[in-house]
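Visitor: Structure below; questions to follow.
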Amino acid sequence: MIIRPYTHADSDAVWCIIEPVLRAGETYALPADWTQDEALAYWLQPGHDVFIAEDEDQILGTYYLHANQMGGGAHVANCAFMVDSHTTGRGVAGAMCAHALRHAEALGFRAMQFNFVVSTNTRAVALWLRHGFEIVGTLPAAFHHPTLGFVDTYVMYQTL
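When we follow full-length UniProt numbering, the leftmost residue of the sequence shown carries the number 1, and every step to the right adds one.
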């Protein structure tokens, strides 16, 4: 598996990863009815460094990295990760996380923060903990899960 920068030729494959995540509405606080153009505009917005995880010309996942805040908070990175549902359990998200941490450090970020990790996304929470993140805050009932109702979200943080 390689992790490389996104190119425009990846658009349709990235949409195939993003669309089912949006439609499920279980892990991201994004509109479930976004079109391809709306979703890609969000994922690829200026300031996002976007990467692709690929194996034998098959795109397995994508992530973006950017400054979590401007000004006095610009030294803290933020990322979002999505993986093709057919590749769950193959280490794609873990490889992208490790890549993101290295890339953030190379860019001069001093920390990485995940602002809104849905507590019921237990695989992601466990993965981020394994990669050195800590839960530094809990936002009670901050996410409206489509089947579970209102659930907590976590702020997760790691110093680089």
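By construction, the Cβ of each residue, glycine as well, lies at the ideal position given by its N, Cα and C atoms.
#1: Please report the distance separating the alpha-carbon of P46 from that of F133.
#2: Just how far apart, CA to CA, sit M70 and A29?
#3: In this structure, how does DSSP classify D152 when only helix, strand and coil are distinguished?
#4: Could you check where the beta strand (DSSP E) with R4 kicks off and where it finishes?
#5: For residue 194 and G72, what's the separation of their Cα atoms in angstroms?
#6: Under the assumption that A100 contacts Y63 (Cβ atoms under 8 Å), give the Cβ distance between them as a whole number of angstroms.
#7: Do the CB positions of L60 and V92 come within less than 7 Å of each other?
#8: What does the alpha-carbon distance come out to for the pair residue 164 and P146?
#9: Using 7 Å as the threshold, is the C-beta distance between A39 and I18 below it?
#10: Just confirm the distance between the C-beta atoms of M82 and V21, as a whole number of angstroms; I'd bet it's less than 8 Å.
Guide: Well, looking at it:
#1: Against the sequence shown, residue 46 aligns to sequence position 46. Against the sequence shown, residue 133 aligns to sequence position 133. Answer to the nearest angstrom: the Cα atoms are 26 Å apart.
#2: If you number the sequence shown from 1, residue 70 lands on position 70. If you number the sequence shown from 1, residue 29 lands on position 29. So the two alpha carbons sit approximately 21 Å from each other.
#3: Start at 1 with the first residue of the sequence shown, and residue 152 comes out as number 152. DSSP places D152 in strand when its eight states are reduced to three.
#4: The count along the sequence shown starts at 1 and reaches residue 4 at position 4. I2 to P5 is the span of the beta strand (DSSP E), which, as asked, contains R4.
#5: Nothing can be reported for residue 194, as the shown portion of the chain is limited to 1 through 160.
#6: In the sequence shown, counting from the first residue as 1, residue 100 sits at position 100. In the sequence shown, counting from the first residue as 1, residue 63 sits at position 63. That belief holds up - the Cβ atoms of A100 and Y63 are roughly 6 Å apart, short of 8 Å.
#7: As a first step, residue 60 is located in the sequence shown; it is residue number 60 there, counting from the start. As a first step, residue 92 is located in the sequence shown; it is residue number 92 there, counting from the start. Taking 7 Å as the Cβ cut-off, L60 and V92 qualify as a contacting pair.
#8: A query on residue 164 cannot be resolved here, the shown segment of the chain reaching from 1 to 160 and no further.
#9: Taking the first residue of the sequence shown as position 1, residue 39 is located at position 39. Taking the first residue of the sequence shown as position 1, residue 18 is located at position 18. In contact: A39 and I18 (Cβ atoms closer than 7 Å).
#10: Here residue 82 refers to the residue found at position 82 when the sequence shown is read from its first residue. Here residue 21 refers to the residue found at position 21 when the sequence shown is read from its first residue. Rounded, the Cβ-Cβ distance is 5 Å, consistent with contact.
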